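Engineer: Order-wise, the sequence lines are chains A and B. Take the first sequence: its position 410, counting from 1, is numbered 896 in the working numbering, and each next residue is one higher. Take the second sequence: its position 369, counting from 1, is numbered 855 in the working numbering, and each next residue is one higher. All C-beta atoms in this analysis are idealised placements derived from N, C-alpha and C, irrespective of residue type, glycine included. All of these numbers come straight from a predicted model, not from anything done at the bench.
Number of protein chains: 2
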Amino acid sequence: MTQLESAIKGITTPEMVSVAKAEEIDVDLLRERVAKGTVVIPKNVLRDLKSPRGVGEGLSVKVNANIGTSGDFPNVEDELVKLRAALDAGADAVMDLSTGGDLPSIRRTILDNCPVPLGTVPIYDAAVTIARERGAITRITADDLFNTIEYQAKQGVDFMTLHCGITRESIERLRNCGRVTGVVSRGGAFLVKWILTNDAENPLYERYDEVLELARKYDITLSLGDGFRPGCGADATDRAQIQELIILGELVKRAREAGVQAMVEGPGHMPINQIATNMQIQKRLCENAPFYVLGPLVTDVAPGYDHITCAIGGTVAAVSGADFICYVTPTEHLGLPDVEDVREGVITARIAAHAADVALGKPAAVKWDREMSKARRARDWKKQIDLAIDPVKAKKIKELRSKETGDVCSMCGEFCSMKVVDEYFGGAINAEC
Amino acid sequence: MTQLESAIKGITTPEMVSVAKAEEIDVDLLRERVAKGTVVIPKNVLRDLKSPRGVGEGLSVKVNANIGTSGDFPNVEDELVKLRAALDAGADAVMDLSTGGDLPSIRRTILDNCPVPLGTVPIYDAAVTIARERGAITRITADDLFNTIEYQAKQGVDFMTLHCGITRESIERLRNCGRVTGVVSRGGAFLVKWILTNDAENPLYERYDEVLELARKYDITLSLGDGFRPGCGADATDRAQIQELIILGELVKRAREAGVQAMVEGPGHMPINQIATNMQIQKRLCENAPFYVLGPLVTDVAPGYDHITCAIGGTVAAVSGADFICYVTPTEHLGLPDVEDVREGVITARIAAHAADVALGKPAAVKWDREMSKARRARDWKKQIDLAIDPVKAKKIKELRSKETGDVCSMCGEFCSMKVVDEYFGGAINAEC
Numbered sequence: 487m488t489q490l491e492s493a494i495k496g497i498t499t500p501e502m503v504s505v506a507k508a509e510e511i512d513v514d515l516l517r518e519r520v521a522k523g524t525v526v527i528p529k530n531v532l533r534d535l536k537s538p539r540g541v542g543e544g545l546s547v548k549v550n551a552n553i554g555t556s557g558d559f560p561n562v563e564d565e566l567v568k569l570r571a572a573l574d575a576g577a578d579a580v581m582d583l584s585t586g587g588d589l590p591s592i593r594r595t596i597l598d599n600c601p602v603p604l605g606t607v608p609i610y611d612a613a614v615t616i617a618r619e620r621g622a623i624t625r626i627t628a629d630d631l632f633n634t635i636e637y638q639a640k641q642g643v644d645f646m647t648l649h650c651g652i653t654r655e656s657i658e659r660l661r662n663c664g665r666v667t668g669v670v671s672r673g674g675a676f677l678v679k680w681i682l683t684n685d686a687e688n689p690l691y692e693r694y695d696e697v698l699e700l701a702r703k704y705d706i707t708l709s710l711g712d713g714f715r716p717g718c719g720a721d722a723t724d725r726a727q728i729q730e731l732i733i734l735g736e737l738v739k740r741a742r743e744a745g746v747q748a749m750v751e752g753p754g755h756m757p758i759n760q761i762a763t764n765m766q767i768q769k770r771l772c773e774n775a776p777f778y779v780l781g782p783l784v785t786d787v788a789p790g791y792d793h794i795t796c797a798i799g800g801t802v803a804a805v806s807g808a809d810f811i812c813y814v815t816p817t818e819h820l821g822l823p824d825v826e827d828v829r830e831g832v833i834t835a836r837i838a839a840h841a842a843d844v845a846l847g848k849p850a851a852v853k854w855d856r857e858m859s860k861a862r863r864a865r866d867w868k869k870q871i872d873l874a875i876d877p878v879k880a881k882k883i884k885e886l887r888s889k890e891t892g893d894v895c896s897m898c899g900e901f902c903s904m905k906v907v908d909e910y911f912g913g914a915i916n917a918e919c
Numbered sequence: 487m488t489q490l491e492s493a494i495k496g497i498t499t500p501e502m503v504s505v506a507k508a509e510e511i512d513v514d515l516l517r518e519r520v521a522k523g524t525v526v527i528p529k530n531v532l533r534d535l536k537s538p539r540g541v542g543e544g545l546s547v548k549v550n551a552n553i554g555t556s557g558d559f560p561n562v563e564d565e566l567v568k569l570r571a572a573l574d575a576g577a578d579a580v581m582d583l584s585t586g587g588d589l590p591s592i593r594r595t596i597l598d599n600c601p602v603p604l605g606t607v608p609i610y611d612a613a614v615t616i617a618r619e620r621g622a623i624t625r626i627t628a629d630d631l632f633n634t635i636e637y638q639a640k641q642g643v644d645f646m647t648l649h650c651g652i653t654r655e656s657i658e659r660l661r662n663c664g665r666v667t668g669v670v671s672r673g674g675a676f677l678v679k680w681i682l683t684n685d686a687e688n689p690l691y692e693r694y695d696e697v698l699e700l701a702r703k704y705d706i707t708l709s710l711g712d713g714f715r716p717g718c719g720a721d722a723t724d725r726a727q728i729q730e731l732i733i734l735g736e737l738v739k740r741a742r743e744a745g746v747q748a749m750v751e752g753p754g755h756m757p758i759n760q761i762a763t764n765m766q767i768q769k770r771l772c773e774n775a776p777f778y779v780l781g782p783l784v785t786d787v788a789p790g791y792d793h794i795t796c797a798i799g800g801t802v803a804a805v806s807g808a809d810f811i812c813y814v815t816p817t818e819h820l821g822l823p824d825v826e827d828v829r830e831g832v833i834t835a836r837i838a839a840h841a842a843d844v845a846l847g848k849p850a851a852v853k854w855d856r857e858m859s860k861a862r863r864a865r866d867w868k869k870q871i872d873l874a875i876d877p878v879k880a881k882k883i884k885e886l887r888s889k890e891t892g893d894v895c896s897m898c899g900e901f902c903s904m905k906v907v908d909e910y911f912g913g914a915i916n917a918e919c
């Protein structure tokens, strides 16, 4: 049985117990949300998953790190170092987006070393392999696609991005849109090309019942991909994007009816004032499915800083309903990230997730902020470092810039405002701490 | 005459012409806003200011960089390097917050090298000097304070942070608040200590008419400081903060009646869901004065990354009405920034300012994003680098990670989604670009 089927039957799985404990919420409440489909717990039935995670309603906002080889950087060893960096930095999930080297073997190695849910985009493997074998990605067959999905399912992949909403209908809407950047999803682009070249419907849509059958068998959580996500602010919230979302909403409903867990992927690039609207419309159109956002990046002009444009949009998204943030690294739009970029990307996305949790009043997040603030007031540097979201970086800066400054830092020195007032007030202002 | 007095009389100053040109808006409209006080143009009458800037209603969001010596790092040479870095990175204004070394001489040097508006916090100089001479900052006199303000005015300082809203009344409200981090403004802390030790009212409040007289004489733009800004999320939007804001609103009104330009400073640390409310209440309580925000930082747990927590809050603030963002660097809460931190801080704050301008539909900002997106679609790398908010960093990453990858980058290689679809569609989707 899938987590969803168990929950519907009132059965509490070990994964639900684990997630409820980590989130400090009642396990019955969690199970009810899994049963409704507003929470997913991605875990392949064949996987020995050390640290399950819950994604969705009322849970802490989660962060995913993408790793994976490319044609230019095909070595799995490099990706294992990135995997370790992502986990050390606190990633809740990892996606293997490899397109270079021996893909099944790379995936196996990453799965074996990944204690958190692992996701993939199966069409990458199918397209890359077919392109190598037959010279063109359009020569892929529907059966190739399903075989790839099943192969990866048997390997133990926990969640899969499938662009089931790229259909003849949504492509027609795209044509009528007048986009600036067109299609910026790799999986989406492959399918658009396949559909138009072969003059046939997307097999992932046309044969969606078979997708559901496979997903149910292995309890793969579907991550319904947004192949028409906006690739720039000017394309945000256009008809192609919303058309695809309508289709994905229908597919969420069918997934639940089949006992399959599903979440929905979202933008992309988007001006900040459109983000809350997008979260609301996604939740409404997609049956309150967990929402997995790729940013959104709030401006297009900051290559080198897109971990930051992602954190800005991601915080607003998460406070407005998004449940899961896919990190972006400083190399986005410029190249494949290296290990330092992965680390920076995860920490930055975690800041966004945590800032949203604070605003939403989630007790653990609020407490963490308060403990840090008390340590700051007390000028307890050891505690400030320990509580930092990145203790290594905080310690390094403190030692570099404020090595011998006693209980204050080199910014204000003895004119430290908290110290100036503490001397006078004592604990008076601080009464309620 | 001050810019405000000129505007009220319908006189267009050279600074208004310069600002209107830079902002691509009608100079009469700009003058009307200066006359209302919803736009300020900080420029001391004695200053030879190369690049005036307008701050406020309908103008692009501006970014300030703080530089300045401290007791631990007292060399003006270091600060000149930071000044150059801040200007190169695109800072619209600079504040000299020096507290170490020969303060008047440092200020003179910085003024001479700064083509954009320069601000100070005069009480720092008064407090540091008196603390050195008389052993305690509380031994400052009201006349010392006014002499310092006038001295700095004669040097040509364009805008000054004055914490006029720290009064016996607002201190009493602070006492009743139960704050976690108490007072985190240096100027605020000095004044609290002064008021309580000397059992006397804040001279900047009690003798506000004299403040206005000086400000009017030199056309110093008052930046009414928020001495009780929250220093952590838990203290945000409390009674002490809002009490001070009410007082500052009254002082804005009096400033305008005296022909003095005024803006208001704001938080601070603040959960993201309180930011829009704060912007609205500030505008309402303070007669729509330009709002100069210090962040807000949306979580307390990210020392080493507070340029990012500032950018998240700053974007939301600016899209909700803030006009001017004070940068925060990665060393915030840990020590004085070095030159790389200054550069990173300015770029990050500019991303926030620009992302807000895009969302607010300001034509130049929207056009910049669109041009970048078109270059991205065309895989025109030279243009992408040229248009990047930090071309140096973008170029460095591109060369490091995608040196010989042709027209695509190493992230997707030949599987570049835009390329995959372009081959098929040609310009079809792109019709309206």
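What residues in its chain sit with their C-beta under 8 angstroms from that of Gln727 of chain A, if we drop five residues either side in the sequence?
Structural biologist: Along the first sequence, read from residue 1 onward, the residue named residue 727 of chain A stands at position 241. Excluding residues within five positions, the ones whose Cβ falls inside 8 angstroms are Asp712, Phe714, Arg715, Pro716, Asp721, Pro753 and Gly754.
Engineer: Suppose the cutoff is 8 angstroms on Cβ atoms and the five residues either side in sequence are ignored; what does the same chain contact list for Val503 of chain B look like?
Structural biologist: Translated into positions along the second sequence, residue 503 of chain B becomes position 17. Val513.
Engineer: Does Ala870 of chain B get closer than 8 angstroms to chain A when you measure Cβ to Cβ?
Structural biologist: Your numbering for residue 870 of chain B matches position 384 in the second sequence. A small fix is needed here, since residue 870 of chain B is Gln in this sequence, not Ala. Yes, Gln870 of chain B lies at the interface with chain A (some Cβ there is under 8 angstroms from its Cβ).
Engineer: So, helix, strand or coil for Ser656 of chain A, using DSSP?
Structural biologist: Your numbering for residue 656 of chain A matches position 170 in the first sequence. Ser656 of chain A sits in a helix when the DSSP states are folded into three classes.
Engineer: Excluding sequence positions up to five away, which residues of its chain have a Cβ less than 7 angstroms from the Cβ of Thr488 of chain B?
Structural biologist: In the second sequence, counting from the first residue as 1, residue 488 of chain B sits at position 2. A distance below 7 angstroms between beta-carbons, with the five flanking residues on each side excluded, links Thr488 of chain B to the following residues of its chain, in chain order: Arg702, Asp705, Gly745, Val746 and Gln747.
Engineer: To which residues of the same chain is Asn599 of chain A closer than 7 angstroms at the C-beta, ignoring the five residues directly before and after it?
Structural biologist: Numbered from its first residue, the first sequence carries residue 599 of chain A at position 113. Cβ within range, chain order: Leu566 and Leu569.
Engineer: Quick check: the Cα distance between Gln766 of chain B and Val738 of chain A, rounded to an integer number of angstroms?
Structural biologist: Working through the second sequence from its first residue, we reach residue 766 of chain B at position 280. Working through the first sequence from its first residue, we reach residue 738 of chain A at position 252. Between Gln766 of chain B and Val738 of chain A, the C-alpha separation is close to 39 angstroms.
Engineer: Alpha carbon to alpha carbon, how far is Arg742 of chain A from Ile732 of chain A?
Structural biologist: The count along the first sequence starts at 1 and reaches residue 742 of chain A at position 256. The count along the first sequence starts at 1 and reaches residue 732 of chain A at position 246. Going from the Cα of Arg742 of chain A to the Cα of Ile732 of chain A covers about 16 angstroms.
Engineer: Given a threshold of 16 other Cβ atoms within 10 Å of its Cβ, counted over all protein chains shown, does Asn552 of chain A qualify as buried or as exposed?
Structural biologist: The residue you call residue 552 of chain A lines up with position 66 of the first sequence. That one is buried.
Engineer: Are the stretch 581-593 of chain A and the stretch 554-564 of chain A in contact at 8 angstroms, needing three or more beta carbon pairs?
Structural biologist: yes
Engineer: Output, in chain order, the set of chain A residues within a Cβ distance shorter than 7 angstroms of Leu820 of chain B.
Structural biologist: In the second sequence, residue 820 of chain B corresponds to position 334, counting from 1. The answer, in chain order, is Ala880, Ile883, Lys884, Arg887, Ser888 and Cys895.
Engineer: If we ignore side chains and look at the alpha-carbon of each, how far apart do Val832 of chain B and Leu604 of chain B end up?
Structural biologist: Residue 832 of chain B sits at position 346 when you count from the first residue of the second sequence. Residue 604 of chain B sits at position 118 when you count from the first residue of the second sequence. Distance between the alpha carbons of Val832 of chain B and Leu604 of chain B: 15 angstroms.
Engineer: With distances taken from CA atoms, which of A:Phe810, A:Asp855, A:Glu619 and A:Leu648 is nearest Phe632 of chain A?
Structural biologist: Counting from 1 along the first sequence, the entry for residue 632 of chain A is found at position 146. The option with the nearest alpha carbon to Phe632 of chain A is A:Leu648.
Engineer: I want to verify the contact list: residues of chain B whose CB lies under 8 angstroms from the CB of Cys898 of chain A, in sequence order.
Structural biologist: One-based indexing of the first sequence puts residue 898 of chain A at position 412. What Cys898 of chain A touches in chain B: Ser556, Thr585 and Arg672.
Engineer: I'd like to confirm the pairing. Which residues does DSSP put opposite Tyr778 of chain A in its beta bridges?
Structural biologist: Numbered from its first residue, the first sequence carries residue 778 of chain A at position 292. In the DSSP output, where bridge partners are listed per residue, Tyr778 of chain A has A:Glu751 and A:Phe810.
Engineer: Since Leu550 of chain B contacts Ala579 of chain B with CB under 8 angstroms, what's their CB separation in whole angstroms?
Structural biologist: As a first step, residue 550 of chain B is located in the second sequence; it is residue number 64 there, counting from the start. As a first step, residue 579 of chain B is located in the second sequence; it is residue number 93 there, counting from the start. The residue asked about is misnamed: residue 550 of chain B is Asn in this sequence, not Leu. Yes, Asn550 of chain B and Ala579 of chain B are in contact; Cβ-Cβ is about 4 angstroms, under 8 angstroms.
Engineer: Could you compute how far the alpha carbon of Lys529 of chain B sits from the alpha carbon of Pro538 of chain B?
Structural biologist: Start at 1 with the first residue of the second sequence, and residue 529 of chain B comes out as number 43. Start at 1 with the first residue of the second sequence, and residue 538 of chain B comes out as number 52. Whole-angstrom Cα-Cα distance: 7 angstroms.
Engineer: Please name the residues in the stretch 562-574 of chain B whose beta-carbon is closer than 7 angstroms to at least one beta-carbon of chain A, in chain order.
Structural biologist: Taking 7 angstroms as the cut-off between beta carbons, none of the residues of the stretch 562-574 of chain B comes near chain A.
Engineer: Quick check on Val614 of chain B: buried or exposed, where buried means 16 or more other Cβ atoms within 10 Å of its Cβ?
Structural biologist: Taking the second sequence and counting its residues from 1, the one referred to as residue 614 of chain B is at position 128. Around the beta carbon of Val614 of chain B, 16 or more other beta carbons lie within 10 angstroms, which makes this residue buried.
Engineer: What does the alpha-carbon distance come out to for the pair Asn764 of chain B and Val697 of chain A?
Structural biologist: Numbered from its first residue, the second sequence carries residue 764 of chain B at position 278. Numbered from its first residue, the first sequence carries residue 697 of chain A at position 211. Whole-angstrom Cα-Cα distance: 48 angstroms.
Engineer: Compare the beta carbon distance of Tyr778 of chain B and Glu751 of chain B with 8 angstroms and say whether it is the shorter of the two.
Structural biologist: Mapped onto the second sequence, residue 778 of chain B falls at position 292. Mapped onto the second sequence, residue 751 of chain B falls at position 265. In contact: Tyr778 of chain B and Glu751 of chain B (Cβ atoms closer than 8 angstroms).
Engineer: With 7 angstroms as the C-beta to C-beta threshold (strictly closer), list the residues of the stretch 772-797 of chain B near chain A in chain order.
Structural biologist: Residues of the stretch 772-797 of chain B whose Cβ lies closer than 7 angstroms to any Cβ of chain A, in chain order: Val784, Thr785, Asp786, Val787, Ala788, Pro789, Gly790, Tyr791, Ile794, Thr795 and Ala797.
Engineer: Run through the stretch 535-583 of chain B for me and flag every whole beta strand (DSSP E) of 3 or more residues, listed as ranges in chain order.
Structural biologist: 548-553 and 579-582
Engineer: For Cys919 of chain A, which three-state DSSP category applies?
Structural biologist: Within the first sequence, the letter at position 433 stands for residue 919 of chain A. In this predicted model, Cys919 of chain A has a pLDDT of only 37, less than 50, meaning its place in the structure is not dependable; the value taken from the coordinates is given anyway. Residue state, collapsed to three classes: coil.
Engineer: May I ask which residues mark the beginning and end of the beta strand (DSSP E) holding Thr647 of chain A?
Structural biologist: Your numbering for residue 647 of chain A matches position 161 in the first sequence. Looking at the DSSP string, the run of the beta strand (DSSP E) that includes Thr647 of chain A is Phe645 to Leu648.
Engineer: What in chain A is Cβ-close to Leu873 of chain B, meaning under 8 angstroms?
Structural biologist: To locate residue 873 of chain B, count along the second sequence from 1; it is residue 387. Those are Val787, listed as they occur along chain A.
Engineer: Using the C-alpha atoms, what's the distance from Thr795 of chain B back to Cys772 of chain B?
Structural biologist: Translated into positions along the second sequence, residue 772 of chain B becomes position 286. Translated into positions along the second sequence, residue 795 of chain B becomes position 309. Going by the C-alpha atoms only, they are around 26 angstroms apart.
Engineer: Closer than 8 angstroms by beta-carbon distance: list the chain A residues that pair up with His649 of chain B, in chain order.
Structural biologist: Within the second sequence, numbered from 1, the residue matching residue 649 of chain B stands at position 163. Chain A residues near His649 of chain B: none, gap ~11 angstroms exceeds 8 angstroms.
Engineer: Within its chain, find whatever has a CB closer than 7 angstroms to the CB of Val684 of chain A; leave out the 5 residues flanking it on each side and keep chain order.
Structural biologist: Position 198 of the first sequence, counted from the first residue, corresponds to residue 684 of chain A. One detail in the question is off: residue 684 of chain A reads as Asn in this sequence, not Val. So the list reads Thr624, once near-sequence residues are dropped.
Engineer: As an exercise, report each continuous alpha helix (DSSP H) stretch of at least 4 residues that is fully enclosed by the stretch 668-756 of chain A, in chain order.
Structural biologist: Runs of the alpha helix (DSSP H) inside the stretch 668-756 of chain A: 672-684, 689-692, 694-704 and 725-743.
Engineer: If you pair each beta-carbon of the stretch 844-861 of chain A with each one of the stretch 871-878 of chain A, do three or more pairs fall below 8 angstroms?
Structural biologist: yes
Engineer: Could you tell me whether any Cβ in chain A is nearer than 8 angstroms to the Cβ of Cys801 of chain B?
Structural biologist: Here residue 801 of chain B refers to the residue found at position 315 of the second sequence. For clarity, residue 801 of chain B is Thr in the given sequence; the question names Cys instead. Chain A, which has a Cβ nearer than 8 angstroms to the Cβ of Thr801 of chain B, makes this yes.
Engineer: Out of A:Lys889, A:Glu501, A:Lys548 and A:Gly673, which one is the CA nearest neighbour of Trp480 of chain A?
Structural biologist: Chain A is shown from 487 up to 919; residue 480 of chain A falls before or after that span and cannot be answered.
Engineer: Use the C-beta contact count for Gly674 of chain B: other C-beta atoms within 10 angstroms, 16 or more gives buried, fewer gives exposed.
Structural biologist: The count along the second sequence starts at 1 and reaches residue 674 of chain B at position 188. Gly674 of chain B should be labelled buried.
Engineer: Under a Cβ-count criterion, where at least 16 other Cβ atoms within 10 Å of its own Cβ denotes burial, should Val878 of chain A be classed as buried or exposed?
Structural biologist: In the first sequence, counting from the first residue as 1, residue 878 of chain A sits at position 392. Val878 of chain A should be labelled exposed.
Engineer: What residues in the stretch 686-708 of chain B bring their beta carbon closer than 8 angstroms to a beta carbon of chain A?
Structural biologist: none
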